[in-house]
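The structure appears below as C-alpha cells.
Set out below in C-alpha cells:
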C-alpha cells in the first residue's frame with residue numbers, strides 16, 4: 243500500500259517586474275553603443291571602437307536574459323509540463339559564454355596594441371568612457387536587487403558591472419596617457435579588467451551548468467533534507483530523494499518515505515511540504531509514502 247502527495251507552491255519570483263529594467267537597459271545601451279562607435283570612427287580611437295563592440299555584445303546578453311525571463315514565465319503545457327522555466331538557466335549559460343567570448347576579443351585587441359602601440363586621444367576617450375560609466379552603472383543598479391535570487395538576472399547584472407569597469411579603466415588609462423604619453427597603459431589596464439570579469443563569469447557559468455545538469459541547488463544540502471525527512475514522526479527511512487532546480491528561482495524535490503505504521507494523512511504531508519518550502523526553499527515537493535519495508539540493496543536509502 244502506498245500514498246502519494248504533491249504540493250506546488252507558487253511564489254512570486256525575484257525576476258518579476260524586471261521587464262521594464264530590461265527594456266530601459268537595452269534602449270540606453272544601444273544608444274550609447276552608437277555614440278561610442280561614432281566617436282571612435284571620428285577620433286580614430288581603437289579603444290573606443292573595441293569598447294563599443296564589447297558593449298554591443300552586452301546588449302545581446304541583455305536581450306538573451308530578457309528572452310529567458312519571458313519564456314520562463316510561460317504556463318505549463320501538455321508537452322512542457324513544467325513550463326519553460328529552464329529558459330532562464332539557458333540564458334544565463336549563454337550570457338556567460340558571451341562574456342567569455344567578449345573577453346577573448348578584448349585580450350586579442352589588447353595584445354595587438356601592446357605589440358604595436360597607437361596614439362590615443364586621451365581627452366576624448368575619457369569623456370566618452372565617463373558617459374559609459376554612468377549608463378552602465380545605472381543599468382547595473384536596475385538589476386542589483388535581483389542578482390542574488392536569480393542566476394539569469396545575475397548574468398545581466400554582471401554584464402553591466404563589467405561594462406562599467408571597462409569604462410572606468412578607459413577613463414583612467416586616458417588620464418594616465420594624457421599625463422605620461424605612455425600608450426601601453428590602455429591595453430594593460432584592459433587585461434586587468436578582463437581578469438576581473440572572468441572571475442565573476444566563472445561563478446555564473448559554474449552555477450548555470452550545475453542547474454542544467456540537475457545538481458542540488460547551492461544553499462541546499464541533500465543530507466540535511468534527508469535527515470529532516472527521516473526525523474518526521476512515523477518515518478522509518480527515506481529513499482529515492484532527488485532535489486533539482488526547475489528554473490532560476492524554483493526548486494523541486496521528490497522522495498519516498500517508508501512509514502510502516504501507515505499513511506499519516508494529507509494534512510501531515512501538506513504540513514511537511516510547507517516546512518520544506520520555508521526551511522529549504524523547496525517549493526515543489528512530490529512525496530510518496532510506502533508502508534512496506536524498503537529494499538535498500540537496490541535503492542538509495544537514508
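Residue numbers (our numbering): 243 to 544. Glycine included, every Cβ here is placed at the ideal spot set by N, Cα and C.
Outcome for residue i when other beta-carbon atoms lying within 10 angstroms are tallied against a minimum of 16
i, result
"residue 520", "exposed"
"residue 508", "exposed"
"residue 409", "buried"
"residue 388", "buried"
"residue 254", "Note that residue 254 scores a pLDDT of 44, beneath 50, so its modelled location is shaky; the value from the coordinates is reported in the next line. With fewer than 16 Cβ atoms within 10 Å of its Cβ, residue 254 is classed as exposed."
"residue 276", "exposed"
"residue 467", "buried"
"residue 401", "buried"
"residue 460", "exposed"
"residue 524", "buried"
"residue 319", "exposed"
"residue 448", "exposed"
"residue 439", "buried"
"residue 377", "buried"
"residue 321", "exposed"
"residue 361", "exposed"
"residue 367", "buried"
"residue 435", "buried"
"residue 198", "Beyond the ends of the chain as shown, which are 243 and 544, falls residue 198; an answer cannot be given."
"residue 324", "exposed"
"residue 265", "exposed"
"residue 244", "Below a pLDDT of 50, predicted positions are generally treated as unreliable, and residue 244, at 47, falls in that range; the measurement from the model is reported next regardless. Flag for residue 244 reads exposed."
"residue 330", "buried"
Among the options, the one whose alpha carbon lies nearest that of residue i
i, options, result
"residue 470", "516, 437 and 267", "516"
"residue 295", "502, 311 and 273", "273"
"residue 334", "437, 396 and 467", "396"
"residue 480", "464, 356 and 497", "497"
"residue 526", "534, 511 and 533", "511"
"residue 355", "323, 380, 287 and 308", "287"
"residue 522", "485, 329, 350 and 499", "485"
"residue 291", "473, 371, 453 and 503", "371"
"residue 340", "313, 404, 499 and 386", "404"
"residue 351", "430, 483, 308 and 329", "430"
"residue 263", "297, 285 and 308", "308"
"residue 478", "503, 492, 411 and 452", "503"
"residue 453", "483, 392 and 465", "392"
Inter-residue CB distance, residue i and residue j (contact presumed, cutoff 8 Å)
i, j, result
"residue 348", "residue 432", "6 Å"
"residue 359", "residue 444", "With 8 Å as the limit, residue 359 and residue 444 do not qualify as a contact, their Cβ atoms being about 31 Å apart."
"residue 382", "residue 406", "6 Å"
"residue 394", "residue 343", "Actually they are not in contact, since the Cβ atoms of residue 394 and residue 343 sit about 18 Å apart, beyond 8 Å."
"residue 268", "residue 304", "5 Å"
"residue 412", "residue 293", "6 Å"
C-alpha distance - residue i paired with residue j, whole-angstrom precision
i, j, result
"residue 490", "residue 528", "19 Å"
"residue 302", "residue 455", "25 Å"
"residue 256", "residue 422", "In this prediction, residue 256 scores a pLDDT of 46, lower than 50, which makes its location untrustworthy; no coordinate-derived value is stated."
"residue 487", "residue 260", "21 Å"
"residue 300", "residue 505", "54 Å"
"residue 534", "residue 501", "7 Å"
"residue 450", "residue 282", "35 Å"
"residue 337", "residue 475", "46 Å"
"residue 327", "residue 424", "51 Å"
"residue 332", "residue 420", "44 Å"
"residue 357", "residue 428", "12 Å"
"residue 380", "residue 495", "38 Å"
"residue 417", "residue 365", "7 Å"
"residue 530", "residue 518", "15 Å"
"residue 499", "residue 513", "15 Å"
"residue 284", "residue 278", "10 Å"
"residue 398", "residue 457", "23 Å"
"residue 251", "residue 441", "Per-residue confidence for residue 251 stands at a pLDDT of 49, beneath the threshold of 50, marking its modelled position as unreliable; no derived number is given."
"residue 384", "residue 463", "32 Å"
"residue 532", "residue 473", "16 Å"
Proximity test, residue i beta-carbon vs the ligand SAM heavy atom, cut-off 7 Å
i, result
"residue 509", "As presented, the structure is devoid of all ligands, the ligand SAM included, so that no description of it is given."
Problem - Ordered list of alpha helix (DSSP H) runs contained in the segment 261-291, each at least 4 residues - result: 261-285
Problem - Any alpha helix (DSSP H) of 4 or more consecutive residues that is wholly inside the segment 417-456 - result: 427-454
Practice task
Could you pull out every unbroken alpha helix (DSSP H) segment of at least 4 residues lying fully inside the segment 463-523, listed in chain order?
Solution key: 464-472 and 508-522
Practice task
Counting only runs of 3+ residues fully inside the segment 309-381, write out the beta strand (DSSP E) ranges in chain order.
Solution key: none
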